[in-house]
Every structure is written in structure tokens, then in C-alpha cells.
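Colleague: Pasting in a structure now, in C-alpha cells, and then I'll have a few things to ask.
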């Protein structure tokens, strides 16, 4: 039920399945950006156990039953992966475990393709406190599952606090293999911080994590999810007191519409961006 990016390479859709056998074909790299949005929160309401969302788990909001089962296991594993911050005093880190007594959902986190800004299906997760690493882990895994990554060799993940998030990332995936998976063909996971946020970090992070210094990243800012929130926030306000199920349907619908508009306008945008005769 969810559209993804028509421009990103996807074997079997816009790329031959045997593309890796072509000596002239460059290695396939998926570039994904992730970000959290505290404006998409939800106020506690009466039970709606009899309701269900028509798009539940089939569009952008992740399937809730499997997600909740993962969180239970991740909470048990969390103490062994706790580390002290080694960078500046970032709000994402400070507020990761903050809870609001009036809210049952404190926001959402989502992945999108970093070049074109299309939401990754299944990757939009609800936050129970702040942006905890376990929430982002599940979003990463779901984004890689739904975006056609057969033959994927390299992955570039872009996140505001990547210098802290990447610590124990592989170990966290290994601890819950029934919920978190990497593509079988994946050889390399590269990490980056968006070009705007990286300047709020220590100077060493600039040279380690700026996309400007990462091979094959080309010119990608890594901040595109911020622009997606700007539009989604307009509808998120009206969903704070809606039922959970209705909230899922509306968010799915608006994210699908966002991707649809990017797909149908991609051609005219490229025609304007690329000089004639080049």
C-alpha cells in the first residue's frame, strides 16, 4: 500500500536483478536519513481496542504487534549497551528517556531516502519516550526490509547523533536477530551526520561524519527529513486526540501522498536542474 522512491536504485524494479554481474555497473549503495519528530505526539485517550487501522503495518507506520514485542526484548538488553556520551550535550541524548505523563506517544521517527526525500515504507515508528536507540534500530531494519535491497553492498546511514548511535549498533542487531536484520549481501555500513547538525558536534565529528568526506556519498546534505516534517506537522496537530487507529491511517495517507508527489514531479525537476545539452 506504500509507494517508495522511483529514482533510488531498486533491483527488480528499476535495476536488473543481475546488475552486479555487469562490470560497468557501480556498486549499489543505499543512502538513508533518519530523524525524529516530537510534534507528532499523541495524548492518552480512552481504549479503542475494538478499532483497527485499514493500513496497519502495510504502509509507512510499522506493524505495532511486532514492534511492541521487539521493544520488550530491547528493554531487557538495554543495560548492556548503555554508554556515556562522548560528544557535546545534544538534546536527543539528554531527552532520550524523558516521558510525558499525559502522552502515550511522544513522537515518531522515520527513514527516508537521503537524496529525494521519499519515506521508507514500514520505517515510521512511534516513540514512547524520547529518541531511544531501540526505536531507531527498528526503523533502520524495517527501512532496509522494504526498499528492495537485493545485492546491496554498501549502506550509508545519516542521523543527527550518529557519533553516539553507532556505538554498539552491530551488537544491538545481533542481540535481537528475530526482529532486526541486515540485508544478506551487505558488506559495509557507513555512518554520517547531516551537514547542518554536524557543526553542532565536536570538531572531530566534522571530519569523521560529514557526508562531504565520505566516498561515493556525492553531494547529499542528509537533512531532508527535516523538510518532510515541516509539512507533516500541519496534520499531526489534529491527530493528537484522534484514536490511535485513525492516526495511523491519516499519517500513512499523507506520507504516501508526499512520496507520490515526488515521483510525479521528478521528471520536471530533473529537466530544470540539468542544463540542456549536458
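In UniProt numbering, the protein residues as written are 1 to 278.
All C-beta atoms, glycine included, are put in the ideal place defined by N, C-alpha and C.
Is the distance from the Cβ of residue 211 to the Cβ of residue 222 below 8 Å?
Modeller: For residue 211 and residue 222, yes; Cβs fall inside 8 Å.
Colleague: Cα-Cα, which of 26, 139, 189 is closest to residue 35?
Modeller: Selected option, being the one with the closest Cα: 139.
Colleague: For residue 137, which of helix, strand or coil comes out of DSSP?
Modeller: If DSSP states are grouped into helix, strand and coil, residue 137 belongs with the helices.
Colleague: Do residue 37 and residue 182 have their C-beta atoms within less than 8 Å of each other?
Modeller: No, they are not a contact pair.
Colleague: What does a CB cutoff of less than 7 Å around residue 148 pick up in its chain, not counting 5 residues either side in sequence?
Modeller: Once the five neighbours on either side are set aside, the close Cβ partners of residue 148 are 10, 11, 12, 13.
Colleague: Go ahead and label residue 68 buried or exposed: buried means 16 or more other beta carbons lie within 10 angstroms of its beta carbon, across all protein chains shown.
Modeller: Residue 68 is exposed by the Cβ-count criterion.
Colleague: For residue 112 versus residue 256, is the C-beta distance shorter than 8 Å?
Modeller: No.
Colleague: Beta-carbon within less than 7 Å of residue 220's beta-carbon, same chain only, minus the 5 sequence neighbours each way: which residues are those?
Modeller: Contacts found: 31, 114, 115, 211.
Colleague: Output the boundary residues of the alpha helix (DSSP H) element that contains residue 224.
Modeller: Counting along the chain, the alpha helix (DSSP H) containing residue 224 begins and ends at 224–236.
Colleague: Does DSSP put residue 29 in a helix, in a strand, or in coil?
Modeller: Residue 29: strand per DSSP, three-state reduction.
Colleague: Using a Cβ-Cβ cut-off of 7 Å (strictly less than) and excluding sequence neighbours within five positions of residue 248, which residues of its own chain qualify?
Modeller: Correct list, in chain order: 53, 55, 56, 61.
Colleague: Do you know how far the Cα of residue 117 is from the Cα of residue 241?
Modeller: Taking the straight line joining both Cα atoms gives about 28 Å.
Colleague: For residue 209, which of 275, 18, 189, 225 has the nearest alpha-carbon?
Modeller: Among 275, 18, 189, 225, the Cα nearest to that of residue 209 belongs to 189.
Colleague: Pull up the distance between the alpha-carbon of residue 166 and that of residue 46, whole angstroms please.
Modeller: The alpha-carbon atoms of residue 166 and residue 46 are separated by roughly 38 Å.
Colleague: With burial defined as no fewer than 16 other Cβ atoms inside 10 Å of the residue's Cβ, what is the status of residue 202: buried or exposed?
Modeller: Residue 202 should be labelled exposed.
Colleague: Give every residue of the same chain whose Cβ lies closer than 7 Å to the Cβ of residue 81, excluding the five residues on either side of it in the sequence, and list them in chain order.
Modeller: If we look at residue 81 and ignore the five residues flanking it on each side, its Cβ neighbours are 168, 171, 172.
Colleague: Alpha carbon to alpha carbon, how far is residue 158 from residue 135?
Modeller: Those two C-alpha atoms are separated by around 15 Å.
Colleague: Any chance you could list the alpha helix (DSSP H) runs of at least 4 consecutive residues sitting entirely within the segment 6–92, in chain order?
Modeller: Counting only runs of 4 or more, we get 64–77.
Colleague: State the CB to CB distance for the pair residue 103 and residue 153, rounded to an integer number of angstroms; the pair is presumed to be in contact (CB under 8 Å).
Modeller: Rounded, the Cβ-Cβ distance is 41 Å, inconsistent with contact.
Colleague: Quick one: Cα of residue 146 to Cα of residue 244, how far?
Modeller: About 23 Å.
Colleague: For residue 261, which residues of its own chain have a beta-carbon under 6 Å away from its beta-carbon, when the five flanking residues on both sides are left out?
Modeller: Hits under 6 Å: none found.
Colleague: Taking the continuous beta strand (DSSP E) assigned at residue 154, which residues delimit it?
Modeller: It spans 154–158 - the beta strand (DSSP E) in which residue 154 sits, taken as one unbroken run.
Colleague: For the beta strand (DSSP E) containing residue 212, name the first residue and the last one.
Modeller: Unbroken run through residue 212: none, as it is neither H nor E.
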